[in-house]
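Protein chains in written order, with our numbering: chain A, 360 to 526; chain B, 24 to 443. By construction, the Cβ of each residue, glycine as well, lies at the ideal position given by its N, Cα and C atoms. This report refers to the structure that appears directly beneath it.
Right under this line is the structure:
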């Protein structure tokens with residue numbers, strides 16, 4: 360797995376709940392691309408159509424609170440996001456993101472140091488986030504062993520396929 | 024050890040677990056709701072063939088009950104095919120109600136068990152001394168394949184609720200007051216154990232309301248030591264023998280909060296965050312808050328006790344023109360009981376719209392969606408932007424009594440004068 364990621368960012372606020380990430384009225388949709396097209400539309404309809412491929416979402420505290428809907432990380436991944444950096448994450452969102460290979464990185468105070476359109480480099484091994492435009496380096500938390508094990512396997516699905524002898 | 028740790032230890036074949044450890048535990052019951060056809064897709068993507076135990080998992084069709092559109096109907100169809108193919112012992116179709124009400128009624132929830140569901144409000148089952156937690160579709164698919172899931176043993180917070188609730192203060196008001204203090208992320212990755220004299224005397228419905236909203240503080244799970252009401256409830260229904268776990272004397276909680284329930288008043292979570300909690304009197308002191316819709320329902324506030332108090336307040340009266348009250352019984356059993364007791368008749372006479380048991384408009388799927396600019400007072404659990412429809416609608420969370428008194432006047436109203 361790639362432990363160093365660089366991407367352009369968009370910045371959202373505190374307590375971005377799963378209804379803002381992926382509103383209930385779209386929950387019957389199962390096509391991942393279509394799910395991605397509605398990502399974060401509860402914050403702004405403009406985010407998904409303009410999101411840079413491989414981009415990073417930066418948020419305040421408690422990102423992904425609310426529902427257990429896996430549509431939230433599916434939407435983020437299919438919008439083109441490679442990682443979410445936040446002060447903190449809600450628990451079920453965190454698990455779902457790791458399972459699907461979307462990096463949830465805790466970086467306290469990040470949303471107050473950056474603005475839309477800047478480029479960040481996240482180095483998971485070093486535990487740092489670098490703002491390319493300013494050169495500022497912020498510390499981020501390293502992921503736990505269990506999360507790393509799943510991410511290194513490419514997500515929970517490849518991991519289970521190996522366990523069940525399917526590949 | 025704490026009772027929750029004992030449950031995790033027992034189900035992971037160990038004598039002891041410690042905070043922060045990762046354990047793989049057996050799941051006693053797994054439930055998939057009808058938002059998560061992805062569970063079936065992930066199951067096959069990972070090489071699943073048959074579920075691990077056809078007596079320990081079930082679908083509950085509650086969010087789209089009955090289906091509002093072709094897409095959700097097609098999803099139900101695929102899920103029914105999966106259930107039939109796996110010969111699942113339990114199946115709860117669109118005629119049953121909200122999963123967190125339906126499962127305890129069916130006896131698949133009992134003390135000392137682990138229940139995992141594709142729904143964040145699975146914390147509800149702490150009301151029965153069970154460990155309930157929500158997960159996503161793919162985690163659920165791994166459970167269906169293996170019968171187990173990995174857990175981090177959580178820190179446990181004590182929320183001690185002491186005293187007796189004054190008139191007009193309901194379990195919903197109590198949990199809103201707790202939420203206002205602990206905040207929306209105060210219990211992330213942690214468990215909440217509700218203790219104290221208020222909890223010891225609390226009935227099953229009230230326990231469910233409080234444990235249900237533990238997830239709004241970010242909690243992984245909630246717990247209440249079962250009392251006689253719980254034992255009576257599960258003894259009549261449980262489909263398996265059960266063992267109540269007890270926390271060891273002297274157990275040290277990660278944090279403790281104490282609330283004196285007798286000092287509380289009716290509370291509101293104001294738009295548009297669950298943690299934006301204020302006493303009702305403080306909100307109305309700033310002038311009348313005009314309402315378009317009242318809503319009574321969901322796994323938080325749609326039980327017989329909730330509908331009964333609304334019926335008591337509204338009996339013989341009528342809501343104002345150009346307002347509406349939507350009442351959604353949490354389950355078929357709740358609806359039948361409310362019908363037999365005359366509550367539904369009283370509410371319909373007062374101008375209420377009664378819909379089929381299920382999640383209804385709580386998550387904005389159907390049956391009571393809000394237009395831009397509308398204001399709703401609701402006994403449900405979330406007032407996030409867009410939760411019940413338009414992101415430009417405003418929602419106040421309140422007890423069913425406050426919802427009933429408020430919609431009766433068309434403005435947010437203290438229920439206490441209506442309870443004599």
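Check: Quick one: Cα of residue 371 (chain A) to Cα of residue 201 (chain B), how far?; Outcome: 27 angstroms
Check: So with CB distances below 7 angstroms, who are the chain B contacts of residue 425 (chain A)?; Outcome: 143, 405, 407
Check: From what residue to what residue does the alpha helix (DSSP H) around residue 362 (chain B) run?; Outcome: 355 to 363
Check: Would you mind reading off the limits of the alpha helix (DSSP H) that contains residue 432 (chain A)?; Outcome: 430 to 438
Check: Beta strand (DSSP E) containing residue 390 (chain A): first to last residue?; Outcome: Note, residue 390 (chain A): premise wrong, no beta strand (DSSP E); not H, not E.
Check: Tell me the rounded alpha-carbon separation between residue 175 (chain B) and residue 420 (chain A).; Outcome: 21 angstroms
Check: Straight-line CA distance for residue 406 (chain B) to residue 144 (chain B)?; Outcome: 15 angstroms
Check: How would you write the range of the beta strand (DSSP E) that residue 122 (chain B) sits in, first residue to last?; Outcome: It is not in any beta strand (DSSP E) - residue 122 (chain B) instead sits in the alpha helix (DSSP H) that spans 122 to 129.
Check: Grouping DSSP H, G and I as helix and E and B as strand, with all else coil, what is residue 498 (chain A)?; Outcome: strand
Check: Residues in its own chain within less than 6 angstroms of residue 338 (chain B) by CB, not counting five upstream and five downstream?; Outcome: 369
Check: Mind checking whether residue 389 (chain A) and residue 426 (chain A) have CB atoms under 7 angstroms apart?; Outcome: no
Check: Residue 288 (chain B) and residue 192 (chain B) look like a contact to me (Cβ under 8 angstroms); what is the Cβ gap, rounded to whole Å?; Outcome: 6 angstroms
Check: Looking only at DSSP bridge pairs, what is residue 139 (chain B) linked to?; Outcome: B:53, B:156
Check: In whole angstroms, give me the CA-to-CA distance for residue 457 (chain A) and residue 515 (chain A).; Outcome: 8 angstroms
Check: Can you tell me whether DSSP reads residue 418 (chain B) as helix, strand or coil?; Outcome: strand
Check: Quick one: grab the DSSP three-state call for residue 194 (chain B).; Outcome: helix
Check: Would residue 281 (chain B) be called buried (16 or more neighbouring beta carbons within 10 Å of its own) or exposed?; Outcome: exposed
Check: When the cut-off is 7 angstroms and only beta carbons count, does residue 429 (chain A) lie next to chain B?; Outcome: yes
Check: Could you tell me the boundaries of the beta strand (DSSP E) in which residue 464 (chain A) lies?; Outcome: 462 to 465
Check: Is the segment 432 to 442 of chain A touching the segment 393 to 408 of chain A, taking contact as three or more C-beta pairs under 8 angstroms?; Outcome: yes
Check: Please compile the residues from chain A whose C-beta is within a distance smaller than 8 angstroms of the C-beta of residue 111 (chain B).; Outcome: Correct list: empty, because the minimum Cβ distance to chain A is about 21 angstroms.
Check: In terms of alpha-carbon separation, which member of B:164, B:96, B:156 lies closest to residue 68 (chain B)?; Outcome: B:164
Check: In chain B, what lies closer than 9 angstroms to residue 459 (chain A) by C-beta?; Outcome: 159, 161
Check: Does the beta-carbon distance from residue 126 (chain B) to residue 137 (chain B) come in below 7 angstroms?; Outcome: no
Check: From what residue to what residue does the alpha helix (DSSP H) around residue 213 (chain B) run?; Outcome: From DSSP, residue 213 (chain B) is part of no alpha helix (DSSP H); its letter is neither H nor E.
Check: Enumerated in chain order, which unbroken segments of the beta strand (DSSP E) with a length of 3 residues or greater are wholly contained in the segment 210 to 285 of chain B?; Outcome: 214 to 218, 244 to 246, 278 to 283
Check: Quick check on the DSSP output: what are the complete beta strand (DSSP E) runs of length 3 or more inside the segment 283 to 326 of chain B, in order along the chain?; Outcome: 290 to 292, 300 to 302, 316 to 320
Check: Hey, is residue 519 (chain A)'s beta-carbon within less than 7 angstroms of any beta-carbon in chain B?; Outcome: yes
Check: Starting from residue 81 (chain B), trace the alpha helix (DSSP H) both ways and give me its first and last residue.; Outcome: Where residue 81 (chain B) is concerned, there is no enclosing alpha helix (DSSP H), although the beta strand (DSSP E) it sits in stretches over 80 to 83.
Check: When you compare each of B:25, B:31, B:298 to residue 208 (chain B) by their alpha carbons, which one comes out closest?; Outcome: B:298
Check: Are the CB atoms of residue 74 (chain B) and residue 167 (chain B) within a distance shorter than 7 angstroms?; Outcome: yes
Check: Can you tell which of B:302, B:206, B:271 has the C-alpha that lies nearest to the C-alpha of residue 240 (chain B)?; Outcome: B:206
Check: Please find out if some non-hydrogen atom of the ligand MG comes closer than 6 angstroms to the beta-carbon of residue 69 (chain B).; Outcome: The model depicted lacks the ligand MG and carries no ligand whatsoever.
Check: Just confirm the distance between the C-beta atoms of residue 434 (chain B) and residue 302 (chain B), as a whole number of angstroms; I'd bet it's less than 8 angstroms.; Outcome: Contact flag wrong, Cβ pair sits at about 16 angstroms.
Check: Nearest-angstrom Cα distance between residue 346 (chain B) and residue 397 (chain B)?; Outcome: 11 angstroms
Check: Name the chain B residues whose beta carbon is nearer than 9 angstroms to that of residue 451 (chain A)?; Outcome: 143, 156, 157, 158, 159, 162, 238, 243
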